[in-house]
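A.B. asks:
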Amino acid sequence: MGTQPNNWDAIIILVEVILIPLIVVGNMAIILTVLTYKKLRKPGDILVTNLAIVDLLVGLVVLPHDLYDVISKKYFMVATPCYITAFLWTLTQTSAVQCFFFIAVEKYFAIIHPLKHLAHATNRKAVYACMVSWVTALSLGVCTLLIHGNWKTGIQCSYKPSSMTIINFCVVGFFVLASFITYFRVFTAISKPSIFPYGSAAMRSRGSHIKKMKTMAVVFFGFVLLWAPLVIYFFYLIVTRQPSFFLGSKLFILIGSSNSINNWIVYFCKRDEFRKIVVEFCKRKSEIAEETKTQTINVIIPITNI
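With my numbering, the residue at position 98 of the sequence shown is 486, and numbering never jumps.
1) Under a Cβ-count criterion, where at least 16 other Cβ atoms within 10 Å of its own Cβ denotes burial, should M465 be classed as buried or exposed?
2) If you draw a straight line from the C-alpha of A440 to the C-alpha of V607, how long is it?
3) Classify H597 as helix, strand or coil using the three-state DSSP reduction.
4) Buried or exposed: where does Y655 fall if 16 or more other Cβ atoms within 10 Å of its Cβ makes it buried?
5) Just tell me which of N438, T482, L506 has its CA closest to the CA of V515.
6) My output table needs one value for K638: the three-state DSSP class, helix, strand or coil.
7) Do you know how far the Cα of V458 is from the Cα of E678?
8) Would you mind sorting E668 into buried or exposed? The rule is 16 or more other CB atoms within 10 Å of its CB.
9) Buried or exposed for A484, going by 16 or more other Cβ atoms inside 10 Å?
10) Starting from the C-beta of I500, find all residues in its chain whose C-beta is less than 8 Å away, skip the five residues before and the five after it, and write them out in chain order.
11) Measuring alpha carbon to alpha carbon, tell me which residue in Y425, F475, Y571, M604 is nearest M552.
12) How about T482 and G414: are their beta carbons less than 9 Å apart?
13) Contact between the stretch 439-456 and the stretch 641-654: three or more CB pairs below 8 Å?
14) Could you tell me if V422 is buried or exposed, where buried requires 16 or more neighbouring beta carbons within 10 angstroms of its beta carbon?
15) Mapping DSSP to helix, strand and coil, what is I535?
16) Helix, strand or coil for A509? Go by DSSP, reduced to three states.
17) State the start and end residues of the unbroken alpha helix (DSSP H) segment that holds H501.
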């Protein structure tokens, strides 16, 4: 009995150690790509960058904090770190689901009303949408700190569902349902013939956004599928009024966290312009490294001849 928790802890530590660098590197690549190339600074790409920032926060702050939970048992001798963990997960996942909703709305107008999208979709409005997602997520996170259940059992966090937990699930559920409806309407519209003449600016813009929308639909449904086990688990806890089992909550959280890897992998695989830019960037770096090496050799050879 004494070795079983240690074995599970080792597995959890190994998984989190693998997840953290993959999440950080992939999402940093998306953020740096958008910041470096001006042609990618469009409303839709700004929203995607905001989603990458959320995932990056998971890799830089949330999972390392959770990892320390497993490694240092003394850290959780008080309940405060448990509240911090709950706050961080509420902040990141509530912000992420709002990002998916705003991306779905942006693609809805880009595909169904391309002329309105060309006229009214601006980077400033996309930034405002990102700010709204963070303010809403931060408000819910603070409320989670103030209104909570008994989140402490022994030396490990055990989250008992509270009224705030139910509110958070309702908010997340609302944005997930709204995103589902929006994507359904867009897919329905795609199946119908377009009213715009072939070759027009509106038609070309519509076709480009359809490809991007399909990519984001894959990312969104991946998000829903990977976090669904944790949602079902917490609904079970709400119905049965039981505290969460430490290993169960950790397992489902790790499954959901893998979504932060899924996002950038799908995005780079499906978006040609991102993939091409990354390839060009890598080639440029290799060329610079080769030039530096050549210059160094040219400097060293005359010195050795002397």
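For each residue, glycine too, the CB sits at the ideal point set by N, CA and C.
C.D. replies: In short, the structure shows the following:
1) Mapped onto the sequence shown, residue 465 falls at position 77. Legend: pLDDT at M465 = 47, less than 50; position of this residue unreliable, value from coordinates given subsequently. Around the beta carbon of M465, fewer than 16 other beta carbons sit within 10 angstroms, so the residue counts as exposed.
2) Mapped onto the sequence shown, residue 440 falls at position 52. Mapped onto the sequence shown, residue 607 falls at position 219. Rounded to whole angstroms, the separation of the alpha carbons of V607 and A440 is 12 Å.
3) The sequence position of residue 597 within the sequence shown is 209, counting from 1. Three-state result, H597: helix.
4) Reading the sequence shown from its first residue, position 267 is the one you call residue 655. When all chains shown are included, Y655 counts as buried.
5) Taking the first residue of the sequence shown as 1, we reach residue 515 at position 127. Selected option, being the one with the closest Cα: N438.
6) Residue 638 sits at position 250 when you count from the first residue of the sequence shown. Correct three-state label for K638: helix.
7) Within the sequence shown, the letter at position 290 stands for residue 678. Within the sequence shown, the letter at position 70 stands for residue 458. Those two C-alpha atoms are separated by around 44 Å.
8) Here residue 668 is taken as the residue at index 280 of the sequence shown, counted from 1. So E668 ends up on the exposed side.
9) Here residue 484 refers to the residue found at position 96 when the sequence shown is read from its first residue. Buried, because 16 or more other Cβ atoms sit within 10 Å of the Cβ of A484.
10) Reading the sequence shown from its first residue, position 112 is the one you call residue 500. The answer, listed in chain order, is R573, V574, A577.
11) Residue mapping note: residue 552 aligns to position 164 of the sequence shown, counting from 1. Across the set Y425, F475, Y571, M604, the C-alpha of F475 shows the shortest separation from the C-alpha of M552.
12) In the sequence shown, the residue the question calls residue 482 occupies position 94. In the sequence shown, the residue the question calls residue 414 occupies position 26. No, the Cβ-Cβ distance between T482 and G414 is not below 9 Å.
13) Yes, the stretch 439-456 is in contact with the stretch 641-654.
14) In the sequence shown, residue 422 corresponds to position 34, counting from 1. Result: buried.
15) Counting from one through the sequence shown, the residue named residue 535 turns up at place 147. In the three-state DSSP reduction, I535 falls in the coil class, being neither helix nor strand.
16) Your numbering for residue 509 matches position 121 in the sequence shown. Residue state, collapsed to three classes: coil.
17) Along the sequence shown, read from residue 1 onward, the residue named residue 501 stands at position 113. Here H501 belongs to no alpha helix (DSSP H), and DSSP marks it neither H nor E.
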